[in-house]
Each structure stands twice: as C-alpha cells, then as structure tokens.
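K.L.:
One structure follows; several queries about it will come next.
Protein chains: 2
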Amino acid sequence: MDILKGLLEKSNSKILMVVLDGLGGLPVKDGKTELELARTPNLDKLAKSSALGMHIPVDYGITPGSGPGHLGIFGYDPLKYQIGRGILEALGLGLEVRHTDVAIRGNYATVEYVDGKPVVKDRRAGRIPTEENRRITKKIQENLKEIDGVQVIIAPGMEHRTAIVLRFPEPLPEGSDEINDTDPQEVGKEPLEPVGGNPNAQKVAQVVKKFIGKVAEILRDEPKANYLLLRGFAQKPNIPTMEERFGVKSCCIAVYPMYKGLASLVGMEIVEFEGTTIQSEIDTLKKVWEGYEFFFLHIKKTDSYGEDGNWEGKISVIEDFDKHLPQFLELKPDVLAITGDHSTPSKIKGHSWHPVPLLIHSPYVLGGTSDRLTERECLKGELGILPAEKIMNLLLANSHRLKKYGA
Amino acid sequence: MDILKGLLEKSNSKILMVVLDGLGGLPVKDGKTELELARTPNLDKLAKSSALGMHIPVDYGITPGSGPGHLGIFGYDPLKYQIGRGILEALGLGLEVRHTDVAIRGNYATVEYVDGKPVVKDRRAGRIPTEENRRITKKIQENLKEIDGVQVIIAPGMEHRTAIVLRFPEPLPEGSDEINDTDPQEVGKEPLEPVGGNPNAQKVAQVVKKFIGKVAEILRDEPKANYLLLRGFAQKPNIPTMEERFGVKSCCIAVYPMYKGLASLVGMEIVEFEGTTIQSEIDTLKKVWEGYEFFFLHIKKTDSYGEDGNWEGKISVIEDFDKHLPQFLELKPDVLAITGDHSTPSKIKGHSWHPVPLLIHSPYVLGGTSDRLTERECLKGELGILPAEKIMNLLLANSHRLKKYGA
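Written out as structure tokens, the structure is:
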C-alpha cells in the first residue's frame, strides 16, 4: 500500500474489471471444469494474447465471503479491512450505510411472555414467508421512524431475516458497534440484553434497547413474528476510497444490492440502471464510459448456479458472457481484467478456497502462454499464482499510472 | 495464524501426511533427478489426479535443518518457532524434553591439567569410537543422577557426541538457557566458564558448573575422553500443539528419535512400534487409524542416501515407497499429502534450499496438470510454489475444517 502512494500518477486511460462472481471451478464432467466445458470462442481468442494467472483471494486454503473476495480484487487487504456482518446484511438488502450508522442483522422470532418477560419459543418465527416478512417490516417502519433523534431504517430480507440501520445525528466513534448479539441461541431462554463494551457502545446500546422494546410493542399481536433478535452489530469500516488510494475515478455496474454496497464501501459511484441482463449492464457501461477511469462490472449468475451445483447453468452464463465480450472490446479499454471474486465450484455448491482464473489484457503483456481462460491454462500464464490484492498494482501499471520506484 | 483461529471447525475426516525426508533432488544422470529416474507407477497414477506444487521450507535460498523443515510442513513458521541445538540433539538421541529442562549438546574432549587447571588438548577426544562413548556415558550416568535436586540425564551419540538433559523440579522461566558454550574452540586453552546472561540462567549455570566438575572427576582416569565440553544450551520451545492450533488429534509414526521428538514438540502423540521398514510403519498406521485425525508418517532413508550422494539408493527408497502406496490409499484418507521436509539432492550430499515436491490428493483438487510427482512436473501443478507453512491451510480446507472467512 505504502509503495503505491509515492508512485501514483494521473492518466486518462481506462481500466475495465469484469467480475464473474465465483468464476473458478473444479472438474464436473469428463474431468473438465465449467470453464473448460464452456464454448467461448471470443474469450479463447482474447486469452491467447493476454496475461493469465490465478489469484488467491485471501490466503491459501481460506474460503472468502463476498466481502473479503471483492476487497481483494479491488486492491485492499481483506485481513486488514473487515466488513461486519450487519453492514453486509444492510448492503445486501439495499440499505445505504454511513459513518453515522450502526447496522444490524435482525431475525424475527416467536416469544412467549412469562411473568411479563419474553421467552424465546422459535428463534426464526417458523421461518415465516418472505411476503409476511415484508408486511411486518413495513408495519414496523411505518410506526417507528426515530428514537431519541436516531433515525430507524429497516429492510425485509428472505423469510425471517431483516437488516436494521440506526442512523445517529453525528459520525460514531470507532468501537461504537461493540455490542453483543441478543439472540440467546437457544429456545426457552430470555433474549439477551444488548450491552455496550465501552462508553460509546453503551450509548448505542441504550437506543437499541428502546428499539427492541418498541418493536415488541408493535408486533405484540402477531401470531408468529412477535419479536426481533439482533446480531452482528457493525459500523461502516474505515476504508480509503479507490480515488484516494489508487487515484482512479471509479464506478460500479451491478445488479445486486450487495455488490453495489461493497463497491460503495471503497468509494465507487453506483450507476443505477434498469434490467438485469449482461446486455443491460453493457448498455449502461457504454453510457457512462466517458465519465470514469475504473469500471467494476459485476456478473452474478456464475456464482448463483455454482452455489446450486448447477454446472450447466454456470456454463451457460460463461457462454452468455462470451457472446457479449466483443462489445466490451469495442469500447477499447486500455486495460481489461476478467476474473472472479472467489471460486464457486458447482461440485462444492459453495464458495471455495481455490485460486481464481485471472485475465489481464493490455498492449503490455507477454501473452502466448495459454490457449484459453480456464483454470489449467491460467496456471501456465505469465502472472503465476498471486494474491488478489496485487491485481490492482498490475492494472495501474498497465494503465500508465505508476511511476518508476527509485532511480 | 490468527485467521485460522476463528475459522476452525471440527470434522471426523482424516489427513495423512507422508514425509519422505529430503525428497527433492537435482539431475544426477541423463539430466534427470532421482524422482525422475525412479520407476513409480503408483505415484504416477496418483499424481495425475492430484494437486501438485513445490513448497519452500523456510525462504528462498535457505537450507533448513530437520527442525525448521518439519515445523514448516506441520504449519508453523520456522522463523517464529526456533528449536535450540541442545533440544534437537536430545530429541535425536531419544531423550524426552520438558518445560523443566535445559538440554545441552556435549562433546567428549581430552584435557591436560596444568597447575590443576584443565587445558584442552583435543576438542573431540580423538573421535573415540561410539562403543567407547557408550561405556563412558553409562559410567557418568551411574555415578551422577542428581545435582542439588536437579535430575541429570545423559545419552550417548555417535563418536564423541552426547546429549544432556538437566531436569529442574519446576518449569524454568524463559531465557534460563542463555548460557555460553564452554568449548573454547581452540586447543591449548582452558574450557570457558558457563555464565548465565540473566538471573534465571545464572541459577542454571551454577548447576552446570557443578555438573562439569563432577563429570571431570568421574572421567579423571580416562586416557582420552576425560572431559566434557558443552554447547547449545536450550529450553523446550513454547509451541502451541497441533490440536490447539489446528484442532486435529494428531500422531506420529517414525523410526528415528529425532522425528518423534520434533513431532512431540507440536503435541503429536508418538506411536511406538517394532521394526524399521515402510511396511512396519504402514502396519502401525493401520492399527491406530481409528484413533486420530492427522497422521504424520516419516520415511527417513531418502535423506540418508541423499546425504551419502548415493542417488541409486535414494531412487530405491522412492521405488520402495511407491510399492507401498496402494496400502496407504486403501486406508482412504480424506486428504493425503506426500512431500519432504526439505530437498537433499544426492549431487549436493546434504540438505539444500531447493523447493520440495508436494502432492495433495482429495476430492477437491483440480488435477490433470502433471504426469508424475517429480520436480519438473510439480512446477506445472495447481499449487504453484508456496511456503511450507501454508500446506496445513490447504490440508485443513480440503478436510472441511475451515469455515468461510467473512460474509
């Protein structure tokens, strides 16, 4: 990080980073991976004249969540910058988070009142339908907008899940999120009191206590979801922006709130648009092409199908991307990177620790090492196996943004 | 290290690590290494469907001793955890070392008394035969069992070498081994006084002084070995156990005391057995298979022949191991690792700094990168060139022992 600081210089060149979420895989048929099975004539051609390699998102053997996975490819050490559970939940449900906020993950629960005290009967309120969640969450939001000058924002998730943002009038000091989960983790117990681990957190905890009480009142007559258990109290992490750190004016083109949220954490501007297809993302990219220097374009479905173990689905997304590749190339980015934030092998049906295929195209690559953008071909590439965090160095160098180090 | 702490989870899966000591080599005939010259049909087959790579035991260009070499592949930073010379000597001669102990390397020497003071005439007592060493060491042990409540344990090594353990009644504070060697490094000089570098070490040094005096008395009439020079004062290092650090119940199957000793330093249980062959080790492994989760099985002779420059001997051990490989596979370890603790090229006749071939087999590898477990084929593998310390991360990940990092 420090080494870059003194070396950065301005450039008008454009870096395009396309992230196929969960790109890497393992053999699923005839000993071949999803990337190997996919028919990708455009990618194949590009790969032959590109720098290829594999990146390690966090460390050997470590399976990253979406937060650490993206921080790494954005050029940030995912061990240094940690994104709390509540923040991620809030971002995932489309809430904005600020330095004045504490974000919390909420689970609707069923309690029974014994001698006036709540005792947990079901920690997930019988996994109420998402529709039901929306109705209840709306009811809370309409009846509870503010507590002692603290704004309350609540968003429904799937089934019993919600995200809550408590927005204070002033930026919160670090450590204000040091508050224990209220979920007792067992039925038959009272929810735990939220207790602050330091004076700043204690002030927040006071508001949280009132919030819990008011929600319980509002939900008093609900048959199932009559209580809210809170977990993962978290503040927005202090991360320097892409502009501060790398000198690039950056934007994010993504369909899902989580990824827009992650991009906003590193100061990217979020470009809003209609549609969910790769074509709609490209159309958006074309529209804003003149306005930025670094473009993060996120394609989600490779990961979704990987998580489902649907390797044919994952292949179809890769092939769909391949069909659109010429449009990306027509924009003539000075540097084009194609990679994933982590691997999601269909075989594992989840994120994994495996290194992730990486392609970098620019006039300044060696090329000619590999025939395709696949796991095995990337292993032959000129980039070797490198930490995700170093990708950004290479993109800056290839875009003429790094001066010589030393004389 | 810290990252693993929060991510460990229990699993019943079994990890088998087979260490062929000094495995890696250099070309010795027709441009081929020992591994390349060996006929290894079983390993070849396994390699095709495994993850291959090369590990660097300590750092680029650094030739490791057995201590750092094994610490690395056990998942410990060999620069952080250092094993003193005396400890290694004691372990190598089969002595147990505890936190109450100071271990010392002793060399029998010949002194002449001038004005009642010893003057070194031969620092190695003419390299007395090992048989002679055993007789003398036994004589010392029989006549000297204890000094001021400190138990004295002494074991014969080869030629003039011995190991001594001084066992105090209580655990010794850190730094109690800060005592200078007594060997003056030159003939014609008096042995040096053992002096403690701090108050705790000074207490130990008092006992050492008496020990030296008593040994000199006992050996007074010996023609050659009439004195003992002491070197490498060392305490047992404070290393978290494999169970503490990685959550695995581990055991060691090894023939030579040194490797059992190293395994015991990281808390492995040492399985004792009769015999010295690979078959006897496998028979032992089968017997204890149900009782542990991590198995370290050590095969010594690859290193011994390498040290002798006997590449044909080294090849024969590799081929012998290959014949036994099916028996390892029949146990169906969830994860199998085959590697060395360092390279011992026959061409160099000693340990070397060269990266060490590494094979990891599990259902979660890419495979298909390489045809054999050889230096050159491993370079094509999916693991790349990685620090030895990271191998354990991969074994834990492949055995379902690591949760996702971040959300």
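In the order they appear, the protein sequences are chains E and D. The C-terminal position of the first sequence is numbered 407 in the numbering used here, with every residue numbered one higher than the one before it. The C-terminal position of the second sequence is numbered 407 in the numbering used here, with every residue numbered one higher than the one before it. Built from N, CA and C at the ideal position, the CB exists for glycine as well.
Under 9 Å Cβ-Cβ, which residues of chain D neighbour residue 63 of chain E?
P.N.:
7, 397, 402, 403, 404 and 405, listed in chain order.
K.L.:
Any chance you could list the alpha helix (DSSP H) runs of at least 4 consecutive residues sitting entirely within the region 124 to 205 of chain E, in chain order?
P.N.:
Segments of the alpha helix (DSSP H) lying fully in the region 124 to 205 of chain E: 130 to 143.
K.L.:
If residue 137 of chain D sits next to residue 156 of chain D, beta carbons under 8 Å apart, how far is it from one beta carbon to the other, in whole angstroms?
P.N.:
With a Cβ gap of about 4 Å, residue 137 of chain D and residue 156 of chain D count as contacting.
K.L.:
Distance, Cα to Cα, residue 120 of chain D vs residue 89 of chain D?
P.N.:
One C-alpha to the other measures close to 23 Å.
K.L.:
Under the three-state reduction of DSSP, which class applies to residue 286 of chain E: helix, strand or coil?
P.N.:
Note: residue 286 of chain E maps to helix in three-state DSSP.
K.L.:
What's the gap between the Cα of residue 27 of chain D and the Cα of residue 371 of chain D?
P.N.:
The straight-line gap from Cα to Cα measures roughly 18 Å.
K.L.:
Verify the CB distance criterion: does residue 317 of chain E have a CB-CB separation below 7 Å to chain D?
P.N.:
No, because no Cβ of chain D sits closer than 7 Å to the Cβ of residue 317 of chain E.
K.L.:
Ordered along the chain, which non-local residues of its own chain (more than five positions away) have a Cβ less than 8 Å from that of residue 231 of chain D?
P.N.:
Answer for residue 231 of chain D: 85, 86, 104, 105, 106, 107, 181, 182 and 183, listed in chain order.
K.L.:
Which of helix, strand or coil does DSSP assign to residue 36 of chain E?
P.N.:
Residue state, collapsed to three classes: helix.
K.L.:
Using the rule of at least 16 other Cβ atoms within 10 Å of the residue's Cβ for burial, across every protein chain shown, is residue 301 of chain D buried or exposed?
P.N.:
Residue 301 of chain D comes out buried.
K.L.:
Near residue 72 of chain E, what residues of its chain come up, given a Cβ to Cβ distance below 6 Å and the 5 sequence neighbours on each side ignored?
P.N.:
So the list reads 57, 78, 388 and 389, once near-sequence residues are dropped.
K.L.:
Using a Cβ-Cβ cutoff of 7 Å, what residues of the region 147 to 169 of chain E are near chain D? List them in chain order.
P.N.:
Hits within the stretch: zero.
K.L.:
For chain D, check one thing: does any of its Cβ atoms lie closer than 7 Å to the Cβ of residue 382 of chain E?
P.N.:
It does not; no Cβ of chain D falls within 7 Å.
K.L.:
At the level of alpha carbons, what is the spacing between residue 34 of chain E and residue 310 of chain E?
P.N.:
Computed Cα separation, rounded: 10 Å.
K.L.:
Check whether the Cβ of residue 260 of chain D lies closer than 7 Å to any Cβ atom in chain E.
P.N.:
It does not: the Cβ of residue 260 of chain D has no partner Cβ on chain E nearer than 7 Å.
K.L.:
Beta strand (DSSP E) containing residue 432 of chain E: first to last residue?
P.N.:
As displayed, chain E neither begins before 1 nor continues past 407, which places residue 432 of chain E out of reach and without an answer.
K.L.:
If you draw a straight line from the C-alpha of residue 179 of chain D to the C-alpha of residue 354 of chain D, how long is it?
P.N.:
One C-alpha to the other measures close to 34 Å.
K.L.:
Can you pull the chain D neighbours of residue 379 of chain E, defined as C-beta to C-beta under 8 Å?
P.N.:
Near residue 379 of chain E (Cβ distances below 8 Å), the residues of chain D are 369, 380, 381, 382 and 384.
K.L.:
Exposed or buried, which one is residue 98 of chain D when buried takes at least 16 other CB atoms within 10 Å?
P.N.:
Residue 98 of chain D comes out exposed.
K.L.:
Along chain D, in chain order, which residues have C-beta atoms closer than 9 Å to that of residue 79 of chain E?
P.N.:
The answer, in chain order, is 2, 3 and 405.
K.L.:
Report yes or no: is there a C-beta of chain E within less than 7 Å of the C-beta of residue 14 of chain D?
P.N.:
It does not; no Cβ of chain E falls within 7 Å.
K.L.:
Confirm, please, whether the CB-CB distance from residue 373 of chain D to residue 16 of chain D is below 7 Å.
P.N.:
It is not a contact, given that the beta carbons lie outside the stated cut-off.
K.L.:
Can you pull out the residues from the region 115 to 129 of chain E whose beta carbon lies closer than 9 Å to at least one beta carbon of chain D?
P.N.:
Of all residues in the region 115 to 129 of chain E, none has a Cβ within less than 9 Å of some Cβ in chain D.
K.L.:
For residue 64 of chain D, which residues of its own chain have a beta-carbon under 6 Å away from its beta-carbon, when the five flanking residues on both sides are left out?
P.N.:
Around residue 64 of chain D: 57, 58 and 342.
K.L.:
From the DSSP output, read off the bridge partner residues of residue 251 of chain D.
P.N.:
Answer by DSSP bridge pairing, in chain order: D/269 and D/295.
K.L.:
When you compare only the Cα positions, how much space is there between residue 215 of chain D and residue 143 of chain D?
P.N.:
Whole-angstrom Cα-Cα distance: 9 Å.
K.L.:
So which residues on chain D does residue 58 of chain E lean against when the C-beta distance must stay under 7 Å?
P.N.:
What residue 58 of chain E touches in chain D: 405.
K.L.:
With a threshold of 16 other CB atoms inside 10 Å of the CB of residue 219 of chain D, please say whether the residue is buried or exposed.
P.N.:
The residue in question, residue 219 of chain D, is buried, as its Cβ has 16 or more Cβ neighbours within 10 Å.
K.L.:
Going along chain E in order, which residues have a C-beta closer than 8 Å to the C-beta of residue 366 of chain D?
P.N.:
Within chain E, the residues near residue 366 of chain D are 26, 27, 33, 354, 375 and 376.
K.L.:
Express the C-alpha separation of residue 163 of chain D and residue 151 of chain D in angstroms, rounding to a whole number.
P.N.:
Near 14 Å, if we compare the C-alpha coordinates of residue 163 of chain D and residue 151 of chain D.
K.L.:
Counting pairs of beta carbons, one from the region 242 to 251 of chain E and one from the region 189 to 209 of chain E, are three or more of them closer than 8 Å?
P.N.:
Touching, no.
K.L.:
How would you label residue 226 of chain E, buried or exposed, when you count the other beta carbons within 10 angstroms and need 16 or more for buried?
P.N.:
It counts as buried.
K.L.:
Since I believe residue 176 of chain E is in contact with residue 235 of chain E (beta carbons under 8 Å), could you give me their beta-carbon distance rounded to a whole number of angstroms?
P.N.:
That pair is a contact at about 6 Å.
K.L.:
Could you tell me which of E/24, E/45 and E/96 sits nearest to residue 323 of chain E, measuring between CA atoms?
P.N.:
Among E/24, E/45 and E/96, the Cα nearest to that of residue 323 of chain E is on E/45.
K.L.:
Measuring alpha carbon to alpha carbon, tell me which of D/350, D/335 and D/380 ends up nearest residue 18 of chain D.
P.N.:
Ranking D/350, D/335 and D/380 by Cα distance to residue 18 of chain D puts D/335 first.
K.L.:
Closest to residue 288 of chain E by C-alpha separation, out of E/10, E/14 and E/8, would be which residue?
P.N.:
When each option's Cα is compared against that of residue 288 of chain E, the closest is E/14.
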